[in-house]
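Residue numbers for the sequence shown, in this note's numbering: 40 to 109.
Note that CB positions come from ideal geometry on N, CA and C, so glycine has one too.
The structure appears below as structure tokens.
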Amino acid sequence: MSLSRSTGTGSTVAPSGCRWCGIEARGHGRQHVVGVGWHVWTAPTLQQRKERMLQRRAVRPVRKPGPGGR
Ligand SMILES: [Zn+2]
């Protein structure tokens, strides 16, 4: 796995990540986002959680259920 910048598009966001920037609470601190400004971690909306979970699913490779799967 290569270390890519989290600012790129297409990166998955933790479902419990900040409402504004997507960073999780433990690593958040104060962040600046254009249009929002400086902010502390804010709980995402239910809709955001749902969308993020769906995004994660879409990115995760689908494994075919095979015989003797690990
Ligand atoms: Zn944030």
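Boundaries (first-last residue) of the beta strand (DSSP E) holding residue i
i, result
"Val72", "70-72"
Alpha helix (DSSP H) segment containing residue i, residue limits
i, result
"Gly98", "Position check: residue 98 holds Val in this sequence, whereas Gly was assumed. That run of the alpha helix (DSSP H) goes 85-98."
Residue i vs residue j beta-carbon contact at 7 Å
i, j, result
"Cys60", "Val72", "yes"
"Arg58", "Pro83", "yes"
Residue i Cβ short of 6 Å to ligand 1 heavy atom set
i, result
"Gln21", "The structure shown has nothing for residue 21, since the chain only spans 40 to 109."
"Trp77", "no"
"Gln94", "no"
The region 100-109 in contact with the region 67-84 per 3-pair CB rule at 8 Å = no
Sufficient close CB pairs (3 or more, under 8 Å) joining the region 87-98 to the region 63-72 | no
Specify which residues have a beta carbon nearer than 5 Å to any heavy atom of ligand 1, listing them in chain order.
-> Cys57, Trp59, Cys60, Gln70
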